[in-house]
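Accompanying notes for the structure given below.
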Amino acid sequence: MDQYIFEGFKMYANKNRQVFAKTIRHSLNEILGGAAAETLIYYIGGNKALEDPDLIMRRLMDVLGAGANAIFKYMLREMERSAQKHEP
Amino acid sequence: MQRSSRERISTGDRNLDLLIQGGFPKGSLILLAGNPGVGKTVFSANFICKGVRDFGEAGIYVSLAEDRNVFYHNISSHFGINCEECANKDMCIFLDYATVKEEGVSAILESMLEEIMRVNAKRLVIDSFTAMAQAFKDPFESRIVLHTILGKIVRKTGCTTLLICETPFGADMISSGMEEFVADGVIVLRANKLEDRLFRDLEIKKLRGTFVREREIAFTLKGGFKVIPPFQPKFIEKPLKCKSIPNPPGKIATASPELNCILGGGFLAGSVAFLEIGDNITLDQSHLSILLPLQWNAIGNGQPVLSIPSPGFNHRLILAHMMQGGFSEEELKRLVRFVEPKYLGGTGEEESHIICIGGKNPDEDLETINNEIFRLKQEHGKPPLLILSANTFLFYYGVTCSLKMISTLSTVMREHNSLMLLLLRPSFENLNRTLGALSDTHLKIIREHGAVFLYGVKPRTHLYAIEIDTPQGYPMPKLTPVV
């Protein structure tokens, strides 16, 4: 697991857990499509799991293997973009 | 069977398991494709039902087409399994979804995963992925579902998945094109015609990590899904005596009740039956399938047999086969006579059960055979059964003379109210038609994908798969219709 991504996830989750979860869900939808994303979220533990950066990274790595890193990078970019949009 | 290092899960058919190292690799994703009506649902239902019944493994059937009640009814009638009872015990779960829109697919996949984990399912069927994929706007999404959900998550649970793909009639591709690449195995079911009769076979196009003994395998849907394995002759060291069946009025029965059933009780008394033997059929295959059950029954009923073996075979080979019916050599020599050219007599000693012919003068040889028919009738009080290889006559006397001799002998046998069984191995073109026209019954034995089949030309019948069984202590053909 990329430490830089993990630290980024932790930082954004600590700022606002709900926005963090929403961004994760949105990213999975964008990359995998609705059906696969929703099933994957269900499998890794549902909405609650989406708020925990450690849990979500471990579970996605477990399911998707090394391919998950590309998804993490996309998610982090989305989080940065969302943060910039909401900055005063 | 070659052993595999990977854990296997039974396909639900023992014969298919034997051909693929014990079954599908555990946790694999298998694509099952085929046109409508080829048996995809029956194969899949068999996979689930045998898992429950024989291995105590829970299975889930996700249906996007069939109604639960119809499915349960079909399973009960085919496999004798009470699905309601299995469902109550959480062993066989049927998830019934009509064709859904995109939003519905995630609900299906979620409940499928929920059920897999809840009942610890080891077998999953999606009937069909074609219907599921139609719900996606973007075809790429179905690839992701296939790869991520079915290929990764379901595999992690140790559940083996059968993914049904519907192939329209006339289509060149078996699926949308990407499923074959993601799946660990691809099996195509087909329904074609063989000798103008329905013939079903499957082709294993791909099966990762598995040594496949036969890529193309015949099957039938009689009583569920059943693979017809390559023919295996079975011989017994100390066979029991074959139980004879009394001849019904006007019929000459064989020792095989199944064969009699196809023949409407037996061969017609006072008739000629023609057995056409196809390419690559061995002596074991033709003898064990029809000739031995017919001759054993005659001998058991005290009827003598006069045999004119095919070129390349002699009385010793045939007697050795006949002894598989549990009869002693003395018993056989008392009731069976062999007509052979002089030099095949073997030991040079006079043997009463061998009638020598010269093979040069047709009239003389025909008279010898005719005399023996009369002699056997006088000696045993019953006319003999005549087993005549047309190839032997063709070999010695040529086509025209042979046909004259066969025609004369058929008249003699009809007059005696007995049976002449005429054998023809592949020889001259169209000779089968001529001999077929001379006969009252015309049967043919053929081989396809290593399996042996019998069918009736006259009367017309289905294809019947022949396997040799020995439950009664002697080899007997087991005939299964290809339906």
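Here the protein sequences come in this chain order: A and B. Our numbering numbers the first residue of the first sequence as -19 and each following residue consecutively. Our numbering numbers the first residue of the second sequence as 1208 and each following residue consecutively. Positions of the beta carbon are idealized from the N, C-alpha and C atoms, including for glycine.
Chain-order list of residues whose beta-carbon lies under 8 angstroms from that of G1552/B (same chain, five-residue window excluded):
One-based indexing of the second sequence puts residue 1552/B at position 345. Confidence is the limiting factor: at G1552/B the pLDDT is only 48, short of 50, which leaves the residue's position unreliable and the question unanswerable from this model.
Using the C-alpha atoms, what's the distance from E1655/B back to G1457/B?
For the purposes of this step, residue 1457/B is taken as the residue at position 250 of the second sequence. For the purposes of this step, residue 1655/B is taken as the residue at position 448 of the second sequence. Each residue's alpha carbon lies about 35 angstroms from the other.
Does DSSP classify H1656/B as helix, strand or coil?
Here residue 1656/B is taken as the residue at index 449 of the second sequence, counted from 1. DSSP places H1656/B in coil when its eight states are reduced to three.
Does the beta-carbon distance from E1536/B to P1516/B come in below 9 angstroms?
Numbered from its first residue, the second sequence carries residue 1536/B at position 329. Numbered from its first residue, the second sequence carries residue 1516/B at position 309. Against a cut-off of 9 angstroms, the Cβ pair of P1516/B and E1536/B comes out as no contact.
Please work out which residues of its chain come closer than 6 angstroms, Cβ to Cβ, to M59/A, disregarding the five sequence neighbours upstream and downstream, and give them in chain order.
Locating residue 59/A in the first sequence gives position 79, where the first residue counts as 1. Excluding sequence neighbours, M59/A sits near Y(-8), T3.
Apply the 10 Å Cβ neighbour rule to D1676/B and answer buried if 16 or more other Cβ atoms are within range, or exposed otherwise.
Position 469 of the second sequence, counted from the first residue, corresponds to residue 1676/B. Its Cβ having fewer than 16 others within 10 Å, D1676/B is exposed.
Residue interval of the beta strand (DSSP E) (run including K1412/B):
Start at 1 with the first residue of the second sequence, and residue 1412/B comes out as number 205. Counting along the chain, the beta strand (DSSP E) containing K1412/B begins and ends at 1404 to 1414.
Buried or exposed: where does D1379/B fall if 16 or more other Cβ atoms within 10 Å of its Cβ makes it buried?
Counting from 1 along the second sequence, the entry for residue 1379/B is found at position 172. Classification for D1379/B: exposed.
Could you tell me the alpha carbon to alpha carbon distance between R1667/B and K1611/B, rounded to whole angstroms?
As a position in the second sequence, residue 1667/B is number 460, starting the count at 1. As a position in the second sequence, residue 1611/B is number 404, starting the count at 1. Taking the straight line joining both Cα atoms gives about 27 angstroms.
Over what stretch of residues does the alpha helix (DSSP H) that includes C1156/B continue unbroken?
Nothing in the structure corresponds to residue 1156/B, since chain B is present only between 1208 and 1690.
Host beta strand (DSSP E) of F1600/B (start-end)
Along the second sequence, one-based indexing puts residue 1600/B at 393. Run containing F1600/B: none in the beta strand (DSSP E); it sits in the alpha helix (DSSP H), 1597 to 1622.
Quick check on the DSSP output: what are the complete alpha helix (DSSP H) runs of length 4 or more inside the region 1483 to 1514 of chain B, in order along the chain?
1490 to 1493, 1499 to 1507
Between A1342/B and chain A, is any beta-carbon pair separated by less than 9 angstroms?
Taking the first residue of the second sequence as 1, we reach residue 1342/B at position 135. Closer than 9 angstroms: yes.
Residue of L1401/B, I1424/B, K1549/B minimising C-alpha distance to I1411/B:
For the purposes of this step, residue 1411/B is taken as the residue at position 204 of the second sequence. The residue with the shortest Cα to Cα distance from I1411/B is I1424/B.
Can you list the residues of chain B that E10/A reaches, using a CB-CB cut of under 9 angstroms?
For the purposes of this step, residue 10/A is taken as the residue at position 30 of the first sequence. Neighbours of E10/A on chain B: none; closest Cβ ~12 angstroms, over 9 angstroms.
Would you report the Cα separation of S1646/B and A1480/B, rounded to the nearest angstrom?
Position 439 of the second sequence, counting from 1, holds the residue named residue 1646/B. Position 273 of the second sequence, counting from 1, holds the residue named residue 1480/B. Straight-line Cα distance between these residues: approximately 5 angstroms.
Thinking I1288/B and A1328/B are a contact (beta carbons under 8 angstroms), I'd like their distance in whole angstroms, please.
On the second sequence, residue 1288/B is found 81 positions in, with the first residue counted as 1. On the second sequence, residue 1328/B is found 121 positions in, with the first residue counted as 1. Not quite, the Cβ-Cβ distance comes to about 16 angstroms (not below 8 angstroms), so this is no contact.
So if DSSP puts D1676/B in a beta bridge, which residue, or which two residues, is it bridged to?
The count along the second sequence starts at 1 and reaches residue 1676/B at position 469. BP columns for D1676/B point to M1683/B.
Minimum C-alpha distance to A50/A - residue among E18/A, G25/A, Y22/A, L12/A:
Within the first sequence, numbered from 1, the residue matching residue 50/A stands at position 70. Measuring from the Cα of A50/A, the nearest candidate turns out to be L12/A.
Three-state secondary structure (DSSP) at H1649/B?
If you number the second sequence from 1, residue 1649/B lands on position 442. If DSSP states are grouped into helix, strand and coil, H1649/B belongs with the strands.
Minimum Cβ-Cβ distance from Y22/A to chain B less than 9 angstroms:
Taking the first sequence and counting its residues from 1, one reaches residue 22/A at position 42. Closer than 9 angstroms to some Cβ of chain B, the Cβ of Y22/A qualifies, so yes.
Jot down the residue ranges of each uninterrupted alpha helix (DSSP H) in the region 1340 to 1365 of chain B, minimum 4 residues, whole runs only, in chain order.
1346 to 1351
With a threshold of 9 angstroms between beta carbons, is A15/A in contact with chain B?
Translated into the one-based positions of the first sequence, residue 15/A becomes position 35. Yes, A15/A counts as interfacial toward chain B.
Using three-state DSSP, classify C1468/B as helix, strand or coil.
For this step, residue 1468/B is matched to residue 261 along the second sequence. Correct three-state label for C1468/B: helix.
Beta-carbon proximity of Q1502/B to S1493/B, cut-off 9 angstroms
Taking the second sequence and counting its residues from 1, the one referred to as residue 1502/B is at position 295. Taking the second sequence and counting its residues from 1, the one referred to as residue 1493/B is at position 286. No.
Give every residue of the same chain whose Cβ lies closer than 6 angstroms to the Cβ of L1593/B, excluding the five residues on either side of it in the sequence, and list them in chain order.
Translated into positions along the second sequence, residue 1593/B becomes position 386. L1513, M1620, M1627.
By a C-beta neighbour count over all protein chains shown, 10 Å radius and 16 as the cutoff for buried, is L1686/B buried or exposed?
Counting from one through the second sequence, the residue named residue 1686/B turns up at place 479. By the 10 Å Cβ count, L1686/B comes out buried.
Reference L1524/B, options G1509/B, L1542/B, D1491/B, closest by Cα
By one-based count along the second sequence, residue 1524/B stands at place 317. Comparing Cα positions, the closest option is D1491/B.
Nearest-angstrom Cα distance between K1584/B and P1511/B?
Counting from one through the second sequence, the residue named residue 1584/B turns up at place 377. Counting from one through the second sequence, the residue named residue 1511/B turns up at place 304. Going by the C-alpha atoms only, they are around 8 angstroms apart.
Excluding the 5 residues flanking Y1604/B on each side, which residues of the same chain have their C-beta closer than 7 angstroms to its C-beta?
Position 397 of the second sequence, counted from the first residue, corresponds to residue 1604/B. Hits under 7 angstroms: P1569, M1612.
Starting from the beta carbon of L44/A, find every residue of chain B whose beta carbon is closer than 9 angstroms, and list them in chain order.
Here residue 44/A is taken as the residue at index 64 of the first sequence, counted from 1. Within 9 angstroms Cβ-Cβ: T1355, K1359.
Verify whether the separation of the beta carbon atoms of I1255/B and R1350/B is less than 9 angstroms.
One-based indexing of the second sequence puts residue 1255/B at position 48. One-based indexing of the second sequence puts residue 1350/B at position 143. Not closer than 9 angstroms, so no.
Under 7 angstroms Cβ to Cβ from C1608/B, same chain only, skipping five residues before and after it: list those, please.
Position 401 of the second sequence holds residue 1608/B. Same-chain partners within the cutoff: P1569.
Pick helix, strand or coil for P33/A, following the three-state DSSP scheme.
Counting from 1 along the first sequence, the entry for residue 33/A is found at position 53. Correct three-state label for P33/A: helix.
Would you please verify whether the beta carbon of T19/A is less than 9 angstroms from any beta carbon of chain B?
As a first step, residue 19/A must be located in the first sequence, where it is residue number 39. True, the Cβ-Cβ gap to chain B drops below 9 angstroms.
Which one of E1586/B, G1485/B, H1528/B has the shortest CA to CA distance from P1767/B?
No answer is possible for residue 1767/B: the residues shown for chain B start at 1208 and end at 1690.
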